[in-house]
Each structure stands twice: as structure tokens, then as C-alpha cells.
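Enquirer: Below is a structure I'd like to ask you about.
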Amino acid sequence: MKNLIVLLIYLISCSYEDIIKETGPLAGVVTIKCPYDAQHVDRHKYFCKGAGCDIIVSDKESRQRTSQRLKLTDHKQGKNFLVTMTNLTGEDTGVYWCAAGGASPSETPDLLMEVHIQVNPVIGDVGDSATFRCPYAEGSQNKSKCLCKGECEKSGDNCLIKSEQGQTQAKNGHETLYDDTVSRVFNVTIGGLRAEYSGKYTCAVITEVNFVTTEQELLVREVVAGDEGKSVIITCKYQHDQTSKNTAKYFCRAKDTGCKLEDFLVSSLAPNHNRYILKEDKDLQPEISARIFNVTITDLRAEDSGIYWCGVEETKSVVRLEVIKSASPLTLSVSLIVVMVVVATAVFLLYRHKRNKTQELPSNDTNTRRNSQVPQPDCMYEEIKDTHNPSLPETNTVYATAQLPTMPSDDLTYSTATLPTNPCTDMGYSAVSFGEGPNTVAIAFRQGNCEYSRTSSDQ
Numbered sequence: 001m002k003n004l005i006v007l008l009i010y011l012i013s014c015s016y017e018d019i020i021k022e023t024g025p026l027a028g029v030v031t032i033k034c035p036y037d038a039q040h041v042d043r044h045k046y047f048c049k050g051a052g053c054d055i056i057v058s059d060k061e062s063r064q065r066t067s068q069r070l071k072l073t074d075h076k077q078g079k080n081f082l083v084t085m086t087n088l089t090g091e092d093t094g095v096y097w098c099a100a101g102g103a104s105p106s107e108t109p110d111l112l113m114e115v116h117i118q119v120n121p122v123i124g125d126v127g128d129s130a131t132f133r134c135p136y137a138e139g140s141q142n143k144s145k146c147l148c149k150g151e152c153e154k155s156g157d158n159c160l161i162k163s164e165q166g167q168t169q170a171k172n173g174h175e176t177l178y179d180d181t182v183s184r185v186f187n188v189t190i191g192g193l194r195a196e197y198s199g200k201y202t203c204a205v206i207t208e209v210n211f212v213t214t215e216q217e218l219l220v221r222e223v224v225a226g227d228e229g230k231s232v233i234i235t236c237k238y239q240h241d242q243t244s245k246n247t248a249k250y251f252c253r254a255k256d257t258g259c260k261l262e263d264f265l266v267s268s269l270a271p272n273h274n275r276y277i278l279k280e281d282k283d284l285q286p287e288i289s290a291r292i293f294n295v296t297i298t299d300l301r302a303e304d305s306g307i308y309w310c311g312v313e314e315t316k317s318v319v320r321l322e323v324i325k326s327a328s329p330l331t332l333s334v335s336l337i338v339v340m341v342v343v344a345t346a347v348f349l350l351y352r353h354k355r356n357k358t359q360e361l362p363s364n365d366t367n368t369r370r371n372s373q374v375p376q377p378d379c380m381y382e383e384i385k386d387t388h389n390p391s392l393p394e395t396n397t398v399y400a401t402a403q404l405p406t407m408p409s410d411d412l413t414y415s416t417a418t419l420p421t422n423p424c425t426d427m428g429y430s431a432v433s434f435g436e437g438p439n440t441v442a443i444a445f446r447q448g449n450c451e452y453s454r455t456s457s458d459q
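Residue numbering for the sequence shown is 1 to 459, as defined by UniProt numbering.
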């Protein structure tokens, strides 16, 4: 009985081979051939995605934006229809269905064939992350999933990350696994990418008797920066073996699909071409399989920024070049003017600040300095009144300086007198005199018909 169950499971797992599996290059094209039987010859044909058969293109109408990149052609005599998907992206990896039936697209179609589309390679920049999308067949939702570097061992010991049966999420260091059981695609994200992470990977669904696997490829893109007008050296890595020994090394620029011969910017067959120079590393020992060659790009231009491929046949690496624009003379002049204006403004504000501080400082007059240093008793002051007759003519200004005693008594109160700027004619003034009352000092000036006086006393 046990052997019968194992055989049944094995037969079920073998049915996965009936699934159409297509692999296409990133930004490339993939064509799916969907066969059907005689009863569907005159029915509508559909291509849909996911468990719910979400129609993305049909022979009559398009349903989604994705269909702008899809074309469905029905060949009734051959009893099949072809679906062509262009400009592939990583999001196109997943489970699809060939379907037919119904008198109109609104009717539920019959599912004819399950299709798995795999878009390779997965590309990520050094230091960033990359995500593998791994589709699997119906009935494997609760199975254990894993991702391996290279081929997966039967024991599963070399899994980088693995989920247990019924588990939809798992984490192991830089790797994170999430299983979307509705779309039947599990995603594995690897963070902190390094150049040596590039290579072949395997997505695996672990059954009781074997692994159902899908091959993946990861290319870790190194970022190289260079200044406009100068040169930059790009290092290309490849594996040296008997197949690559006599094969040309190449360097090309393409969207993301790899290189054809007509795309080569420079190669080992023509190592100097325009602004590109290829130099092979011949100093490494023969037993070392990891090899490199360098490509120098001279006279860098802004339009040189982009994605480049280099390698030997299937062994390739990808590089993202960033050209840093140099500042134009006009930009430098404008920047210099801005800096000068900022500095001048700062100097002006500093000067005005110091000037305001200076104006706020007390007068250098000896009496003022002394009064600011010696605590003053509470005093009462009487303002000097100007009895100047405006009808009288004015003469030149006369100034007088009042000197305070060097040893004032404790009981004496002082006052400061300021002479008018336009004194009356026949200038004459009297000396300081004392008024009545204790501790009282009066200063009186007489100038023609003008009199000035100020009196201070203790309260």
C-alpha cells in the first residue's frame, strides 16, 4: 500500500511536465504555442494570468495594459494559437493559461494548458537587492520551497533559504522568501548584493519524491563612474575554460538582452575601435579559471551613461556606467558671483552689527564712566529750561566742559550739564554755585538774555 501511494505521488509530479515552460531574456521576446482540439476551433481564444484566469489578451479584444506588449494569432488549420510577449520585465515571470471557449469574451473560457514564463536574468546593482520570481504548478501551494546557488541537492542542504510545508514566509540572513499561493509564485529577495553573487540559481518545490525546479540567472551589476571628457576603465569578468579559450571577448551596449555581433563596440578581434580599447589579462596562471579583461573608454560623454555587457559567449557580466557632467565655464562664473555676493552680504551684516553695538556703548566722558561704575543714590533732576529769545540773532557755538571733583563727598549729588548747540549772543556764564538745602548743587549759566540751570538734590 505504501509503495502504491509513493507511485501515485510520483505520477502526479510527472504531470508537471505537461506544463509549457518558456524562458525569455529581460527586455526580450517570448512566444508561447497553445494547442487546442477540434471543438474549440471556432471559439474565442484567450491568454490569461493567475489562478483566476485574468484575461490579458484575446483574439477579439485586449483587456489590460499588458496586452499592448502581447499579440495573439489564431491558426485554425494547425489547431493552435500563438501568443507573443515583447519587452519582457521581471514582473512577467509567473503562471499563465492558454484558454478557449464561449461565444463572447464575457463567458468563462475552458483552460487548455498551463504556461510558466521565466524572464532571465535577474539584475541588481552592487549593494542593492534582487528578487527571484519562481512560478510553480497547481497543487504545490503547501509544499516546501527553496532557492539554491547552482543545482539543488536532493537533500536540500544547499538551499540558501527554505520554507517549511504550509509556511508562506521565511528569512535567513540577507535572504527573504514570500510564497504567493494565489498566483502560485514564490519570491526570494537577496539583499546586500556582491559581484560574486552572479551566476546560476535554482528555484525548487520540494515534494516527497523529488524536486520540481526552475533555473534562474542572477547578474550583479557593478556601478562605474567617470568624469565627462576623461577616461574610465571597466573590468569584465568571465570563466576561462576550453570553450572560451579561442572565443572572442566582447564589449557591447544593449538594453538588457545581451549582445549580438553587430552590437559589439570593441572585441578581442578588433581591440581598438573609436574611443574603446580592449586589453586582455594574460598574466594569470592557466589553472585559474576566473579571468578578466579591461575596456577603456576615452573622451567620456554624457550619452555614454547606461548599461553595458561584456564577456565570452554565455559567460558575461553587466556594468552600469555613470558619466559625471563637468561644470561649464558659465556655471562656474555664476557660482563665483553667488559666493562673492554671499560673502559681501555677511561682511556688511557683521559691520552693521558691530556699528550698532558701538553706538549702544556709553560715552567716553569721564563723568559718565565714573557714574556707571559708582552706585548712585536716588536723585531728582530738574531739566534745564531754555529761555532763548528766537528773535535774537545767533552766533558761533561755544562749548564748555564741566569737570567733576576728583574726590566727591558721600553726601554730594552730581549732575551733568549739556550746553545748547546754538547759544545766544554775548556768551557769558557763571561758575557752579550751591543752592539752598542740604546736599544740593546748582549749576547756572547766563548767556545774554538766555539762562540755563539744573538742580539736583537727594530725596
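Beta carbons are placed, not taken as given, at the ideal position from N, Cα and C, and that holds for glycine.
(1) Please classify isoleucine 233 as buried or exposed, where buried requires at least 16 other C-beta atoms within 10 Å of its C-beta.
(2) Whose C-beta lies closer than 8 Å to the C-beta of residue 464 among residues of the same chain, with five residues either side of it excluded?
(3) If distances are taken between C-alpha atoms only, which option among Phe251, Asp92, Val29 comes closest to residue 460?
(4) Report the three-state DSSP secondary structure of glycine 90 (helix, strand or coil).
(5) Tell me where the beta strand (DSSP E) around histidine 116 begins and ends.
(6) In the DSSP assignment, find the beta strand (DSSP E) that holds proline 271 and state where it starts and stops.
(7) Are threonine 202 and glutamate 151 touching if we call contact CB-CB under 8 Å?
(8) Nearest CA to the CA of valine 119: which residue from Gly90, Cys134, Cys98, Gln167?
(9) Taking glycine 156 and isoleucine 206 to be in contact with their CB atoms under 8 Å, please state how far apart those CB atoms are, rounded to whole angstroms.
(10) Drop a sphere of 10 angstroms on the beta-carbon of arginine 301, count the other beta-carbons inside from all chains shown, and report buried for 16 or more, exposed for fewer.
(11) Does valine 95 come within less than 8 Å of chain B when only Cβ atoms are used?
(12) Are the segment 345-358 and the segment 300-319 touching by the rule of at least three beta carbon pairs closer than 8 Å?
(13) Rounding to the nearest angstrom, what Cα-Cα distance links methionine 113 and glutamine 216 in this structure?
(14) Around the Cβ of tyrosine 351, are there at least 16 other Cβ atoms within 10 angstroms (buried) or fewer (exposed)?
(15) Among the candidates His273, Gly311, Asn294, Glu228, whose CA atom is the shortest distance from the CA of threonine 235?
(16) With distances taken between CB atoms, is the gap from glutamate 228 to alanine 195 smaller than 8 Å?
(17) Where does arginine 301 fall in DSSP's three states?
(18) Give the single residue among Met85, Ile117, Ala137, Leu278 whose Cα lies nearest to the Cα of glutamine 68.
(19) Quick check: what's the CA-CA separation for aspartate 263 versus glycine 199?
(20) Quickly, what does DSSP pair threonine 202 with across the bridge? List them, please.
(21) Where DSSP assigns a beta bridge to lysine 162, which residues make up the other side?
(22) Of all the options Glu153, Leu88, Gly52, Ser317, which has the alpha carbon lying nearest to the alpha carbon of proline 109?
(23) Considering only C-alpha positions, which residue in the set Lys354, Val185, Thr315, Ala225 is nearest to lysine 249?
(24) At the level of alpha carbons, what is the spacing between methionine 340 and serine 326?
(25) Return the Cβ separation of residue 500 and valine 126 in integer angstroms, given the expectation that the two are a contact with Cβ distance under 8 Å.
(26) DSSP three-state label for threonine 176, please.
(27) Among Cys159, Val182, Asp180, Asp179, which residue has its Cα nearest to the Cα of glycine 173?
(28) In the structure shown, what three-state DSSP assignment does glutamate 280 receive?
(29) What are the boundary residues of the beta strand (DSSP E) that includes histidine 44?
(30) If contacts are defined as beta-carbon pairs under 8 Å, then serine 129 and leucine 88 qualify, I think. What distance do you get, rounded to the angstrom?
(31) Alpha carbon to alpha carbon, how far is valine 323 from alanine 225?
(32) What's the gap between the Cα of leucine 265 and the Cα of valine 319?
(33) Could you pull the start and end residues of the beta strand (DSSP E) that residue 509 belongs to?
Expert: Reading from the atomic positions:
(1) exposed
(2) Past the edges of the chain, shown from 1 to 459, lies residue 464, and the structure says nothing about it.
(3) Because the chain spans 1 through 459 in this model, residue 460 falls outside it and cannot be assessed.
(4) helix
(5) 110-120
(6) Counting along the chain, proline 271 falls outside any beta strand (DSSP E), and DSSP gives it neither H nor E.
(7) yes
(8) Gly90
(9) A Cβ-Cβ distance of about 6 Å is found for the pair glycine 156 and isoleucine 206, placing them in contact under the 8 Å criterion.
(10) Flag for arginine 301 reads exposed.
(11) The structure shown contains no chain B; it holds only a single protein chain.
(12) no
(13) Straight-line Cα distance between these residues: approximately 23 Å.
(14) exposed
(15) Among His273, Gly311, Asn294, Glu228, the Cα nearest to that of threonine 235 belongs to Asn294.
(16) Their beta carbons are not under 8 Å apart, which means glutamate 228 does not touch alanine 195 by this criterion.
(17) coil
(18) Met85
(19) 23 Å
(20) Cys148, Glu215
(21) Looking at the DSSP assignment, lysine 162 forms a beta bridge with Cys146.
(22) Gly52
(23) Thr315
(24) 22 Å
(25) Look at the range of the chain in this structure, 1 to 459, and you will see that residue 500 is not part of it.
(26) Strand.
(27) Cys159
(28) Strand, per DSSP.
(29) Looking at the DSSP string, histidine 44 is not in any beta strand (DSSP E), and its letter there is neither H nor E.
(30) 20 Å between Cβ atoms; not a contact.
(31) 6 Å
(32) 14 Å
(33) Because the chain is modelled from 1 through 459, residue 509 falls outside the range shown and cannot be assessed.
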